[in-house]
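**Student:** Take this structure first; my questions come after.
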Amino acid sequence: MTAAQQSPATSNPTHPLNVIVATDCGSTTTKAILIEKVGNEYRQTYRGEAPTTVEAPFEDVTRGVLNAIAEIEELSGRTILDGDRIITPNQAAQGDPKRGVDIYVSTSSAGGGLQMMVTGVVQNMTGESAQRAALGAGAIVIDVLASNDGRLPYEKIERIRTMRPDMILMSGGTDGGAVTHVVEMAEYIAAAEPRPRFGSTYRLPLVYAGNKDAQPQVNKILGEKTALEFADNIRPVLERENLAPARNKIHDLFLEHVMQQAPGYKKLIEMAGAPIMPTPAAVGVIMETIAKREGINLIGVDIGGATTDVFSVFGGLFNRTVSANLGMSYSISNVLAEAGLENIMRWVPFTIDEQTLRNRIKNKMVRPTTIPQSLDELQIEHAIAREALRLALIHHKSLATGLKGVQQERTISDVFEQRTSGKTLIDLLKLDLIVGSGGILSHAPRRIQSMLMMVDAYEPLGVTTLSVDSIFMMPHLGVLSTVNEQAATDVFVRDCMVYLGTCIAPIGQGKDGERCADYEVALPDGRIEKGTLAFGDLKLFSLTRDQQATVTLQPSKQADLGEGPGQSFTRTVKGGVVGLMLDGRGRPLQLPTEQAARVAMLTKWYQAVGLYPKGN
Amino acid sequence: MAHSYTPGLTVTERTTVRRRRILPLPGSVLVQVGDSVRADTAVARAELPGKVVPLNLANQLGIAPDEINDYLVKKEQDSVQKDDVLAENKPFIKWLKTEIRSPITGKVESVSTITGQILLREPPRVLELRGYIDGAVAEVHPDQGVTVESTCSLVQGIFGIGGETSGELVMGVKAPDQPLLPEQLNPSMKGKVVVGGAFLPAATMARAKELGIVGLVVGGIHDKDLRALLGYDLGVAITGTEQVGFTLILTEGFGTIPMAPKTFALLSAHAGQKASISGATQIRAGVIRPEIIIPHSGPAAVTKVAQAEREGIQLGDPVRVIRDPLFGKIGAVSGLPSELRAIPTESEVRVLEVRFPDGTTTVVPRANIEVIEGA
Chain V
0 MTAAQQSPAT SNPTHPLNVI VATDCGSTTT KAILIEKVGN EYRQTYRGEA PTTVEAPFED
60 VTRGVLNAIA EIEELSGRTI LDGDRIITPN QAAQGDPKRG VDIYVSTSSA GGGLQMMVTG
120 VVQNMTGESA QRAALGAGAI VIDVLASNDG RLPYEKIERI RTMRPDMILM SGGTDGGAVT
180 HVVEMAEYIA AAEPRPRFGS TYRLPLVYAG NKDAQPQVNK ILGEKTALEF ADNIRPVLER
240 ENLAPARNKI HDLFLEHVMQ QAPGYKKLIE MAGAPIMPTP AAVGVIMETI AKREGINLIG
300 VDIGGATTDV FSVFGGLFNR TVSANLGMSY SISNVLAEAG LENIMRWVPF TIDEQTLRNR
360 IKNKMVRPTT IPQSLDELQI EHAIAREALR LALIHHKSLA TGLKGVQQER TISDVFEQRT
420 SGKTLIDLLK LDLIVGSGGI LSHAPRRIQS MLMMVDAYEP LGVTTLSVDS IFMMPHLGVL
480 STVNEQAATD VFVRDCMVYL GTCIAPIGQG KDGERCADYE VALPDGRIEK GTLAFGDLKL
540 FSLTRDQQAT VTLQPSKQAD LGEGPGQSFT RTVKGGVVGL MLDGRGRPLQ LPTEQAARVA
600 MLTKWYQAVG LYPKGN
Chain P
0 MAHSYTPGLT VTERTTVRRR RILPLPGSVL VQVGDSVRAD TAVARAELPG KVVPLNLANQ
60 LGIAPDEIND YLVKKEQDSV QKDDVLAENK PFIKWLKTEI RSPITGKVES VSTITGQILL
120 REPPRVLELR GYIDGAVAEV HPDQGVTVES TCSLVQGIFG IGGETSGELV MGVKAPDQPL
180 LPEQLNPSMK GKVVVGGAFL PAATMARAKE LGIVGLVVGG IHDKDLRALL GYDLGVAITG
240 TEQVGFTLIL TEGFGTIPMA PKTFALLSAH AGQKASISGA TQIRAGVIRP EIIIPHSGPA
300 AVTKVAQAER EGIQLGDPVR VIRDPLFGKI GAVSGLPSEL RAIPTESEVR VLEVRFPDGT
360 TTVVPRANIE VIEGA
């Protein structure tokens, strides 16, 4: 069964889609939303959630789905369930519009999501391409094996045996090139006799997307031992990457093999009117759609309890990475381990001794569902979130690159520019929009807190718009867009995206208090705000989403807004629930190292934008 | 949400536990349903495939990969001893002869004429799975393992490190708020599980290792001491395979936190008895908490397990506050307001009221309390 073949009767339902229920089965919570057509537009109307039930004692994901939908039933007064069945279609035609829904769709990352191991021949060429293909399909890549990864053959075999992935993606070699290395890797995989994570009776799915000339040999070695599928080479020639066929094959195998083994998923697949998508793949669909529709470059981030996903679309090229151990609860202690205590402490506007802070972070790790009760606890979590976001972006930049190992034609004018192949695609000066999602960003008590967390972590340059997902419904909308794009777009624009505002940040550094730029902001009511933005200043102007302001900046010689140092700059910008932020703190952002000065600086910034309640 | 509280840790004098003992790969089960087993009884056995050692013969002999069959002395599936000749060339001048010898004892698993590689596999290793707890075999999972059942006292911890072990339970302190100091440990505690109170300093851990103590159970430790013990900063709470010389179980959390009186009293009451402990912790989906199981003596018998399902949180339930500023305090639920309340962070959340033993009450987010189960 392929994705296209699944539920053919319901994938393209003949009845109109006026009432839609969608769920996202996360690793801890299953979130359901109800979407209804009101007049000519679709709106998200109710939501419900319940603990995910993949694990014992239930071991049936549909229980959590039904519980979450039951909560929507209670809140909306609509009958959706008939026992364990979702009533479809809606009974409006029968005179009972409050009974049933027209379609049910779902995404899933429960049970740890899709965990893959990928192999290539050269680590930063086919190894990276394979990694990008798997990540783009919504997988967590648990290891990248390559002929030149520095591990001895027996170490590779041991690793393959112990990792127990859900699926393996093999790549390597260009079409028509040498087959030896990729066949050697197939031999290692065969020797390891890899077993899948779930279920002991089925064979591990393996996608081979390497040199097509090696297919017969790979088939001979692995055909019996794995559920082997072939896809077009992801790197047919050195200069071109061809990820789509491998990604599609991964999606098919995910539905066909992996999900069939997870508890209750057979039933879930039958219940749904469209193929179940891995959660990150659905979020990726939404990100690509926004970028395409608006013709913009964007970065999206979903910071969860265990992992942080980063998506980017630059110049139409989509990339996704997942930092598997950067998160705000299960993985919070790993953020401390990776960022280091000093980097976290630099965002905390008070002093706290190391031992207390370390113990608090570990206590959050062992009791991940607790919430900050006092303001200082909230500030500490926000500090950790900044570091998790920052580290995840560094990781993303390292993988969202141009192709490595490609020969470049150089002219005499390139002599002074030491550009190498494989340069990151992420250019913050060309970035138009940052979309934030995940509990810490979506549920921050004040929206300015989400905005400043993202600004501090990403240090956007020039003009950047920021937004958050209101209640975490991008996965639902991603999968919905595959059956009804209008419904997904309507809800996305009206109920999902909360525009926070625009941040304008000059590049450059200067002494605190020194002139960074003179500004003139022409507000929609006709007022003109004029003044000087000093280095170290943060200024916030009230400007709503439906308002525009024309901003003119005359930077000092050390400051640059993308037009060159000291060059004047004028732009019309939109607002949001927070407004327009002028960030004169300098790029790269530097904080005082001395503790008292750092606390004073943070306090000044936080007060300037009303980050926390007064008196703190 | 109907269940917006953290399911708590069980601390109970009498319960029936079932533990699945499953081999990492199919093997043979050594016991039958109804058999009595002890913690150290082997219940199942499997052969773990030996290590694979690849050798590239084509490279070493300087020949093309598709020629290697002509040079092989040992064929696929042949047994080999260490230093046996695997392949050799036959030059006209014997000084130029090259012999490739086996670096291991085992067998030839495969020969590839594409890569010129030969894969050797070491003999399998026998793995014996132990019963872990004293009890009876409740179920046999053919070729995979068994489920052992035991009537016992059970204490679940919040976090642990180290694997399964067992030993006599011995109290290292007199009260739950006392720290376990190095001088409270002595050589008679070798092979035993020592219970401390509020805190375990690094020096006590070092002394425990020296004395051969198999397990330590305490209220809390400092994160920096854990880091020193492990040699790295633990990022994600998935543990159980650490080898630090003993198994460590925290009942409360990180910091100096007195052990809950109920936990301390239960462990004290069973001092001198044998306990099976495991530090394995996994705090993601499919939560695994560390545990102390004290099997009750008497003939082991398989019973039907009837587990009561909790119906959410109730007035009077004993609870533990699990977040600062009142972290570790224990009280009882005295109010369950249904409306959302604003807390100092400005978030609006569901809360409950807790009455502490001194009669004071406070309002805490429901997410920040843990029910003490098994009361």
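Chains V and P are the protein sequences, given in the same order. For the record, in the first sequence the residue sitting at position 613 is 612 according to numbering that gives the first Met the number 0, with numbers rising by one throughout. For the record, in the second sequence the residue sitting at position 116 is 115 according to numbering that gives the first Met the number 0, with numbers rising by one throughout. Idealized CB from N, CA, C, for every residue including glycine.
1) Which chain V residues sit within Cβ distance under 9 angstroms of lysine 50 of chain P?
2) Taking 9 angstroms as the threshold (C-beta atoms), are threonine 22 of chain V and histidine 475 of chain V in contact?
3) Taking only the alpha-carbon atoms, compute the straight-line gap between glutamine 508 of chain V and valine 576 of chain V and give it to the nearest angstrom.
4) Excluding the five sequence neighbours on either side, which residues of its own chain have a C-beta within less than 8 angstroms of the C-beta of threonine 104 of chain P, listed in chain order?
5) Let me check understanding here. Comparing Cα to Cα, which of V:Ser555, V:Leu539, V:Pro554 lies closest to alanine 548 of chain V?
6) I want to see whether chain V comes within less than 9 angstroms of arginine 120 of chain P, judged by CB atoms only; does it?
7) Residues of chain P with a CB under 7 angstroms from the CB of threonine 369 of chain V: which are they?
8) If we define contact as Cβ-Cβ less than 9 angstroms, is aspartate 127 of chain V a contact residue for chain P?
9) Between the region 41 to 59 of chain P and the region 171 to 183 of chain P, do at least 3 Cβ pairs fall closer than 8 angstroms?
10) Compare the Cα-Cα distances from histidine 256 of chain V to each of V:Ala281, V:Pro505, V:Glu228, V:Ile470 and report the closest residue.
11) Could you tell me whether the region 257 to 277 of chain P touches the region 366 to 375 of chain V, using the rule of 3 or more Cβ pairs below 8 angstroms?
12) List, in chain order, every chain V residue whose beta-carbon is nearer than 7 angstroms to that of glutamine 116 of chain P.
13) Ignoring anything shorter than 3 residues or poking outside the region 193 to 278 of chain P, list the beta strand (DSSP E) runs there in chain order.
14) Indicate the three-state DSSP secondary structure (helix, strand or coil) for threonine 125 of chain V in the structure shown.
15) Going by C-alpha distance, which of V:Pro612, V:Ile68, V:Thr44, V:Val20 is nearest alanine 341 of chain P?
16) For the alpha helix (DSSP H) containing methionine 452 of chain V, name the first residue and the last one.
17) Taking only three categories from DSSP, how would you classify leucine 499 of chain V?
18) Would you check if there are 3 or more beta carbon pairs closer than 8 angstroms linking the region 122 to 139 of chain P to the region 26 to 34 of chain P?
19) Measuring only the C-alpha atoms, how far is tyrosine 103 of chain V from glycine 283 of chain V?
20) Valine 334 of chain V lies in the alpha helix (DSSP H); which residues open and close that run?
21) Which of the three DSSP states, helix, strand or coil, is assigned to methionine 116 of chain V?
22) What first and last residue would you give for the beta strand (DSSP E) that runs through histidine 180 of chain V?
23) Would you list the residues sitting across from threonine 549 of chain V in a DSSP beta bridge?
24) Provide the residue span of the alpha helix (DSSP H) that contains arginine 345 of chain V, from first to last.
25) In whole angstroms, what is the alpha-carbon distance linking proline 50 of chain V and arginine 37 of chain P?
26) Any beta carbon from chain P within less than 9 angstroms of isoleucine 139 of chain V's own beta carbon?
27) In chain P, which residues lie less than 9 angstroms from leucine 377 of chain V when you measure between Cβ atoms?
28) Note down, in chain order, all residues in the region 82 to 111 of chain P with a beta-carbon under 9 angstroms from any beta-carbon belonging to chain V.
29) In chain order, what are the residue ranges of uninterrupted beta strand (DSSP E) at least 3 long that sit wholly in the region 56 to 119 of chain V?
30) Just to confirm before moving on: does the CB-CB distance between phenylalanine 534 of chain V and arginine 597 of chain V stay below 9 angstroms?
31) Leucine 335 of chain V and glycine 230 of chain P: beta carbons closer than 9 angstroms?
32) Mind checking if histidine 442 of chain V is an interface residue toward chain P, Cβ cutoff 9 angstroms exclusive?
33) Taking its Cβ as the centre, do 16 or more other Cβ atoms sit within 10 Å of valine 497 of chain V, making it buried, or is it exposed?
34) What do you reckon, are the CB atoms on isoleucine 425 of chain V and glycine 461 of chain V nearer than 9 angstroms?
35) Does proline 612 of chain V come within less than 9 angstroms of chain P when only Cβ atoms are used?
36) Short check: CB of glutamine 183 of chain P to CB of glycine 166 of chain P, under 9 angstroms?
**Tutor:** Answer, in terms of the structure:
1) Indexing the second sequence from 1 puts residue 50 of chain P at position 51. The answer, in chain order, is Tyr153, Ile156, Glu157.
2) Start at 1 with the first residue of the first sequence, and residue 475 of chain V comes out as number 476. Start at 1 with the first residue of the first sequence, and residue 22 of chain V comes out as number 23. Going by C-beta atoms, histidine 475 of chain V is nearer than 9 angstroms to threonine 22 of chain V.
3) Position 509 of the first sequence, counted from the start, is the residue given in the question as residue 508 of chain V. Position 577 of the first sequence, counted from the start, is the residue given in the question as residue 576 of chain V. If you take the alpha carbons of glutamine 508 of chain V and valine 576 of chain V, they lie about 29 angstroms apart.
4) To locate residue 104 of chain P, count along the second sequence from 1; it is residue 105. These residues qualify, in order along the chain: Val79, Gln80, Lys81, Glu121, Pro122.
5) In the first sequence, residue 548 of chain V corresponds to position 549, counting from 1. The shortest Cα separation from alanine 548 of chain V among V:Ser555, V:Leu539, V:Pro554 belongs to V:Leu539.
6) For this step, residue 120 of chain P is matched to residue 121 along the second sequence. Cβ-Cβ to chain V under 9 angstroms: yes for arginine 120 of chain P.
7) Start at 1 with the first residue of the first sequence, and residue 369 of chain V comes out as number 370. Neighbours of threonine 369 of chain V on chain P, chain order: Ile321, Arg322, Ala366, Asn367.
8) As a working note, residue 127 of chain V is residue 128 in the first sequence. Going by the sequence as given, residue 127 of chain V is glutamate instead of aspartate. False, the Cβ-Cβ gap to chain P never drops below 9 angstroms.
9) no
10) Numbered from 1 along the first sequence, position 257 holds the residue referred to as residue 256 of chain V. Comparing Cα-Cα distances from histidine 256 of chain V to each of V:Ala281, V:Pro505, V:Glu228, V:Ile470, the minimum goes to V:Glu228.
11) no
12) Taking the first residue of the second sequence as position 1, residue 116 of chain P is located at position 117. Near glutamine 116 of chain P (Cβ distances below 7 angstroms), the residues of chain V are Glu183, Glu186.
13) 214 to 220, 246 to 253, 273 to 277
14) Taking the first residue of the first sequence as position 1, residue 125 of chain V is located at position 126. Three-state result, threonine 125 of chain V: helix.
15) Reading the second sequence from its first residue, position 342 is the one you call residue 341 of chain P. Nearest option by C-alpha distance: V:Pro612.
16) Taking the first sequence and counting its residues from 1, the one referred to as residue 452 of chain V is at position 453. That run of the alpha helix (DSSP H) goes 446 to 457.
17) The residue given as residue 499 of chain V occupies position 500 in the first sequence. Residue state, collapsed to three classes: strand.
18) yes
19) The residue labelled residue 103 of chain V in the question sits at position 104 within the first sequence. The residue labelled residue 283 of chain V in the question sits at position 284 within the first sequence. Using only the alpha carbons, I get a separation of about 20 angstroms.
20) Looking up residue 334 of chain V in the first sequence gives position 335. It spans 331 to 338 - the alpha helix (DSSP H) in which valine 334 of chain V sits, taken as one unbroken run.
21) As a first step, residue 116 of chain V must be located in the first sequence, where it is residue number 117. Methionine 116 of chain V: strand per DSSP, three-state reduction.
22) Numbered from 1 along the first sequence, position 181 holds the residue referred to as residue 180 of chain V. Not the beta strand (DSSP E): histidine 180 of chain V falls in the alpha helix (DSSP H), residues 179 to 191.
23) Walking along the first sequence from the start, residue 549 of chain V turns up at place 550. In DSSP, threonine 549 of chain V forms a bridge with V:Ala521, V:Thr571.
24) As a first step, residue 345 of chain V is located in the first sequence; it is residue number 346 there, counting from the start. Here arginine 345 of chain V belongs to no alpha helix (DSSP H), and DSSP marks it neither H nor E.
25) Counted from its first residue, the first sequence places residue 50 of chain V at position 51. Counted from its first residue, the second sequence places residue 37 of chain P at position 38. Those two C-alpha atoms are separated by around 37 angstroms.
26) Locating residue 139 of chain V in the first sequence gives position 140, counting from the first residue. So, not an interface residue.
27) In the first sequence, residue 377 of chain V corresponds to position 378, counting from 1. Pro343, Thr344, Glu345, Ser346, listed in chain order.
28) Glu108, Ser109, Ser111
29) 102 to 107, 113 to 119
30) Taking the first residue of the first sequence as 1, we reach residue 534 of chain V at position 535. Taking the first residue of the first sequence as 1, we reach residue 597 of chain V at position 598. Going by C-beta atoms, phenylalanine 534 of chain V is not nearer than 9 angstroms to arginine 597 of chain V.
31) Looking up residue 335 of chain V in the first sequence gives position 336. Looking up residue 230 of chain P in the second sequence gives position 231. No, they are not a contact pair.
32) Along the first sequence, one-based indexing puts residue 442 of chain V at 443. Chain P, which has a Cβ nearer than 9 angstroms to the Cβ of histidine 442 of chain V, makes this yes.
33) Along the first sequence, one-based indexing puts residue 497 of chain V at 498. The residue is buried, with at least 16 neighbouring Cβ atoms inside 10 Å.
34) Counting from 1 along the first sequence, the entry for residue 425 of chain V is found at position 426. Counting from 1 along the first sequence, the entry for residue 461 of chain V is found at position 462. Not a contact, by the Cβ cut-off of 9 angstroms.
35) Locating residue 612 of chain V in the first sequence gives position 613, where the first residue counts as 1. Yes, proline 612 of chain V lies at the interface with chain P (some Cβ there is under 9 angstroms from its Cβ).
36) Your numbering for residue 183 of chain P matches position 184 in the second sequence. Your numbering for residue 166 of chain P matches position 167 in the second sequence. Not a contact, by the Cβ cut-off of 9 angstroms.
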